[in-house]
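For the protein sequence lines, the chains are A and B, in the order given.
Take any residue in the first sequence, note its place counting from 1, add 155, and you have its number in my numbering.
Take any residue in the second sequence, note its place counting from 1, add 39, and you have its number in my numbering.
Each residue gets a CB set at the ideal place from its N, CA and C atoms; glycine is no exception.
Following: one structure in structure tokens, then a few remarks.
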Amino acid sequence: MIKMKIKHSLTIVLIAVGINLVFAETMQGPGLGHAATIDEVAKWNISVFPDGEGLPEGRGSVSEGEVVYNTQCVGCHAQGGIGSAVGDQLAGAQMELTSDYPEKTIGKYWPYATTVFDVIRRSMPMTTPGSLTDNDAYAVTAYLLYLNNLIDVNAVIDKSSLPKVKMPNEDGFVKVYEVKETNK
Amino acid sequence: MTDTKHNKEFEYVAGNGLLDRRLFLKRGIQFGTITALASTVTQLLQAETETAFNSARPPWMTQPGKPFSLYGKPSEFEDDVVRFPTQNESVLGNGVSWSPLHLMEGTITPNGLHFERHHNGIPQIDPAKHKLLIHGMVKQDLFFRMEDLYRYPMQSKICFIECGGNSNAGWNSSPSRSEAGYFNGMASNSEWTGVPLKVLLAEAGLKSSAKWLIAEGADAFNMQMSIPIEKAMDDAFLAIYQNGEKIRPEQGYPLRLIVPGWEGVLNVKWLRRLMITDRPVMARNETSRYTELQPDGKARQFTFFIEAKSLITSPSANMLLKQPGLYQITGLAWSGRGKIKKVDISADDGKTWAEAELQQPVLDRAFTRFRLPWQWNGKKTVIKSRAMDETGYVQPERTELIKKRGKHGFYHYNAITNWQIDEDGYVSHVYDKNENQTLSDNSIDSSWD
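This is the structure in structure tokens:
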């Protein structure tokens, strides 16, 4: 009798575990998502890709960027982008990446110029993030690329010129996940 | 404190006093006390303490206790068990806050002590005004209100989150002098509960071109990170609860992406947007940061997995062993690739090792507590722990790690930590003995912004 009871409850446990597994595999939500409009998506989507996808209209020059930089950015990143205790070094590297004191500036380390625009527009300046216009963000990008000797002093940066800026360290990254991991 | 007569009967399992891990189950052994260095205040209170000890009814038994509270707090006598923030001087919300691993036991991190890493402060989000957008390579772009998400089927997982930059002081040329948690405590362990991401992705309908997911937070930094879609379809989920209560604001309230076993920065807090793409976005935090510069000038990128690591939390740096005798060595081990298989402990600077007892159950990609009794003979020595996970990966010695990765990787430091105990019982952090140790430069080559 007792044996039967145990056997019986074991069966129930096994069934319950089985149901749980099936549930996890085919788990469905109640379908409460709301259709998002193209405008809603466009307003939120500010991601910029290395090929230029996501770059907005607008433009900025090196000289315009210098003005914006010296009012909005210089407090943390210092004159000429050399960085400080509170802001990344962005330019002015003296040392190579293979040295004992590597300087991971935009010119020495960053693989894509588009990332510079993306992070300026989405995250900077730290005290008033999101306050720069697209033109300002293009201009500061231009100034920083110029400080890193990546573009000419007369260059103008916009959605067609930015992805074309050749970054010296573009091939400096080993994609560990893609190369070695398959995850399955 | 212990009886020396008993000590003669102990069975040693490795050099310099390491004892059988089942010892404390067999006997009613009293372990020695390990204390932080005594303060002057503590000494002044000594007399008062003696009185309470010897009194038939100490003061708290002679009057009614305090009434109920709406939300409980730790005892006032535990007010030193706190996080340790190190932040950007001009942007106070930019920095990290270390979890006091050396002052905790068990495996679950209390919510108020979970480590923090913010790029520009903690947003105070009204869940009624928060929504999640899923768009890109899906059949239907969708947004979800929090009230919608609360109705979805939920799952729980106990797992650790470790910042990719945890223990980065280990790259320094001289050992950190901080307490164990205050340079290794950017790792914490919680039970997270929320909605499996694949349920929401299925609702939006992934296109066959979908390969990556770009997760973005609603903080002032508006941080974004790229994550392979197979992780999203495997075990990633959107956490709403942490250890039974809604996630704390500093942990991503009201919604946080959890990618079990993968580096902390990918567990995007204050989640508001998931963009499905065929390639990574190459965000600032996956190019200029969270990449590991190697000696050849190349950098490792998309190093998602947290490799196996362990750390003795007690005795550990800046603690004091009051006298020779029996102590319990205890610590934490974890791996982003699965379960911890075993943890070895050495009490003679790596000459001999013994296997520690693992607290059960050992969980996949979660903190695993290990313990081993140890008879300290009062002589100077070095103790250390070494984890192995279920893939067979063994935690490296520091010299080994540096030989492989150089000193400028900044992220993913998982080497063995050595604690030296001197004749006075004082515990300090030392590097491998064959390494030239300087006491000068204690700065890491990259800052926290």
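In the three-state reduction of the DSSP assignment, A:Ile261 falls in the coil class. Flagged as an interface residue toward chain A: B:Ser129, by a C-beta distance shorter than 8 Å.
Nearest C-alpha to B:Ile173 among A:Pro185, A:Ala310 and A:Thr192: A:Thr192.
For A:Phe328, the CB contacts under 7 Å within the same chain, skipping 5 residues up- and downstream, are Pro266 in chain order. By the criterion of at least three beta-carbon pairs nearer than 8 Å, the stretch 117-125 of chain B is in contact with the stretch 144-155 of chain B. For the C-beta of B:Leu239, the chain A residues within less than 8 Å are, from N- to C-terminus, Gly184 and Gly188.
From the beta-carbon of B:Pro293, no residue of chain A is found nearer than 7 Å; the closest lies around 16 Å away. C-alpha of B:Lys170 to C-alpha of B:Val304: approximately 21 Å in a straight line. Only Phe204, Pro205 and Cys231 from the stretch 204-236 of chain A bring a Cβ to less than 7 Å from some Cβ of chain B. Of all residues in the stretch 447-465 of chain B, the ones placed with a Cβ closer than 7 Å to any Cβ belonging to chain A are His447, in chain order. Here the C-alpha atom of B:Arg60 lies approximately 9 Å from the C-alpha atom of B:Ala393. Proximity of B:Leu277 to chain A, defined by a Cβ-Cβ separation below 8 Å, is not satisfied. B:Phe123 is bridged by DSSP to B:Trp137. Here DSSP, grouped into helix, strand and coil, assigns A:Asn324 to coil. Just so you know, the alpha carbons of B:Lys348 and B:Glu50 end up roughly 28 Å apart. Neighbours of B:Tyr191 in chain A, taken as residues whose beta carbon is under 7 Å from its own, are Gly184 and Pro185 in chain order. In this chain, A:Val308 is not harboured by any alpha helix (DSSP H), its DSSP state being neither H nor E. Contact annotation: B:Gly377 and B:Glu429 have beta-carbon atoms nearer than 8 Å. Legend: CB atoms of the stretch 272-300 of chain A lying less than 8 Å from CB atoms of chain B belong to residues Asp273, Val274, Arg277, Ser278, Met281, Thr282, Pro284 and Gly285. B:Leu62 places its beta carbon 8 Å or farther from that of B:Pro354. Below 8 Å, enough C-beta pairs join the stretch 258-274 of chain A and the stretch 318-331 of chain B to call them touching: three or more.
Judged by their CB atoms, B:Leu277 and B:Leu294 are nearer to each other than the 8 Å cut-off. Taking CB atoms only, B:Gln163 has no neighbour in chain A less than 8 Å away.
In the three-state DSSP reduction, B:Phe449 falls in the coil class, being neither helix nor strand. By the C-beta criterion, the stretch 249-268 of chain B is judged not to be in contact with the stretch 204-223 of chain B, since fewer than 3 inter-stretch pairs fall below 8 Å. Counting other Cβ atoms within 10 Å of its Cβ, B:Trp99 stays below 16 and is therefore classed as exposed.
Remark: C-beta atoms of B:Met272 and B:Val307 do not approach each other more closely than 8 Å. Unbroken alpha helix (DSSP H) stretches of 4 residues or longer found wholly inside the stretch 196-255 of chain B: 220-223 and 236-243, given in chain order. The beta carbon of B:Pro166 is closer than 7 Å to those of Met185 and Pro293 in its chain, skipping five residues each way along the sequence. Distance from the CA of B:Ser248 to the CA of B:Glu242, rounded to the nearest whole angstrom, comes to 17 Å. Interface with chain A (8 Å Cβ-Cβ cutoff): B:Asn159 is included. Between B:Phe344 and B:Lys105, the alpha-carbon positions lie close to 47 Å from each other. The alpha-carbon of B:Arg410 is positioned some 14 Å away from that of B:Lys380. At a cut-off of 8 Å between beta carbons, B:Ile345 makes no contact with chain A. Of the candidates A:Tyr298, A:Glu195, A:Ser315 and A:Met281, A:Glu195 places its Cα closest to the Cα of B:Gly175.
Comparing alpha carbon positions, the residue from A:Ser316, A:Ile312, A:Pro323 and A:Leu317 closest to A:Ser216 is A:Ile312.
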